[in-house]
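Asks: Questions regarding the structure given below will be posed in turn.
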Amino acid sequence: QKEVEQNSGPLSVPEGAIASLNCTYSDRGSQSFFWYRQYSGKSPELIMSIYSNGDKEDGRFTAQLNKASQYVSLLIRDSQPSDSATYLCAVNTGFQKLVFGTGTRLLVSP
Amino acid sequence: NAGVTQTPKFRILKIGQSMTLQCAQDMNHNYMYWYRQDPGMGLKLIYYSVGAGITDKGEVPNGYNVSRSTTEDFPLRLELAAPSQTSVYFCASSTLAANTGELFFGEGSRLTVL
C-alpha cells in the first residue's frame, strides 16, 4: 500500500509568520508531488506541484522536495488568516492517480 | 463553463438502499475519478477511468460500481448502503497532459447512511 503521511495538526501560526507543512511518502519510485488546499466544506484545489529535488517558489508559497529522504514540504510566507485551511499532500502513483495524505489543518490567527 | 458537476449534494439513505451519485464534466477530460473523504481524513480513491468504456478499481472499491459510457459522465453506484459508506464523495477529472497532477473537483456529495 503506497502511503502518504502528514501530521494532522492543527498547526497554529500568527499572522505574518512562516507556516511549514511536511509530508513523507513510501513509494520511492514516485515522480511528482502536489499540494492541495481545502477550505472547510469545500473541494480541494491545487496550489503547488513539484517534480525535481530542490525548491519551487510561487508567490508566498514554496514547495520543497527531497527524494532521497522521501520528503515534501510546503512553506507559506507572510501567513494570512485566509490561508487557514487543510493542506493535502498528494503523490502521483501513475496514470494520473493521486494518493492523498490525511491533511494538515493550518490555523492563522490575526 | 460548469466544470465538474455532482448531484445530489446531500442525501440520506437507509441501510440496504441503493443509489447513484451522478458526475458530469464539460472540459473533455479523459480521466475521471471518484474519491471519498471521511471526517478528518484524506481522500481515498474508489474508482477511476482513463476514458469512455474503461474503468478500474482504486483503494476502496468494495460496495461501489461505476460505468463510463461517455467522456462526460461517470456515475457511482452504491449497492446495499451501509453506515460505513457515510462520507463525502468527490468526483474529479483531469486531462491526459503528462503528470500535471491537477484534478478538477466537483463540489462534493454528502451521503449519510442510517
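So the sequence lines, in the order shown, correspond to chains A and B.
Taking the numbering used here, the leading residue of the first sequence gets 624, the next gets one more, and so forth.
Taking the numbering used here, the leading residue of the second sequence gets 9, the next gets one more, and so forth.
Glycine included, every Cβ here is placed at the ideal spot set by N, Cα and C.
#1: Relative to the alpha-carbon of Phe684/A, which residue among Ser655/A, Asn630/A and Ala640/A has its alpha-carbon at the smallest distance?
#2: For the structure I just gave you, are there three or more beta carbon pairs, one from the segment 22-42 of chain B and one from the segment 656-668 of chain A, closer than 8 Å?
#3: Roughly how many angstroms separate the alpha carbons of Ser681/A and Asn645/A, rounded to a whole number?
#4: Helix, strand or coil: how does DSSP classify Ser705/A here?
#5: Flag Ser666/A as yes if its beta-carbon sits less than 9 Å from any beta-carbon of chain B, otherwise no.
#6: Within 10 angstroms of its Cβ, does Ser702/A collect 16 or more other Cβ (buried), or is it exposed?
#7: Rounded to a whole number of angstroms, what is the C-alpha to C-alpha distance between Met49/B and Tyr97/B?
#8: Considering only C-alpha positions, which residue in the set Gln25/B, Lys17/B, Gly59/B and Leu122/B is nearest to Asp81/B?
#9: Counting along the chain, where does the beta strand (DSSP E) carrying Asp34/B start and finish?
#10: In its own chain, which residues sit with a C-beta less than 8 Å from the C-beta of Pro69/B, not counting the 5 before and 5 after it?
Replies: Concretely, from the data shown:
#1: Translated into positions along the first sequence, residue 684/A becomes position 61. When each option's Cα is compared against that of Phe684/A, the closest is Ala640/A.
#2: no
#3: Here residue 681/A corresponds to residue number 58 of the first sequence, with the count starting at 1. Here residue 645/A corresponds to residue number 22 of the first sequence, with the count starting at 1. The sequence given here has Asp at residue 681/A, not Ser. Straight-line Cα distance between these residues: approximately 17 Å.
#4: For this step, residue 705/A is matched to residue 82 along the first sequence. Reduced to three states, the DSSP call for Ser705/A is helix.
#5: Position 43 of the first sequence, counted from the start, is the residue given in the question as residue 666/A. Yes, its Cβ sits closer than 9 Å to a Cβ of chain B.
#6: For the purposes of this step, residue 702/A is taken as the residue at position 79 of the first sequence. Per the 10 Å Cβ criterion, buried.
#7: For the purposes of this step, residue 49/B is identified with residue 41 of the second sequence, where counting begins at 1. For the purposes of this step, residue 97/B is identified with residue 89 of the second sequence, where counting begins at 1. Cα to Cα, Met49/B sits roughly 12 Å from Tyr97/B.
#8: Numbered from 1 along the second sequence, position 73 holds the residue referred to as residue 81/B. Among Gln25/B, Lys17/B, Gly59/B and Leu122/B, the Cα nearest to that of Asp81/B is on Gly59/B.
#9: Numbered from 1 along the second sequence, position 26 holds the residue referred to as residue 34/B. It is not in any beta strand (DSSP E) - Asp34/B carries neither H nor E in the DSSP assignment.
#10: On the second sequence, position 61 is the one that residue 69/B refers to. For Pro69/B, where only same-chain residues beyond five positions count, the Cβ hits under 8 Å are Ile54 and Tyr55.
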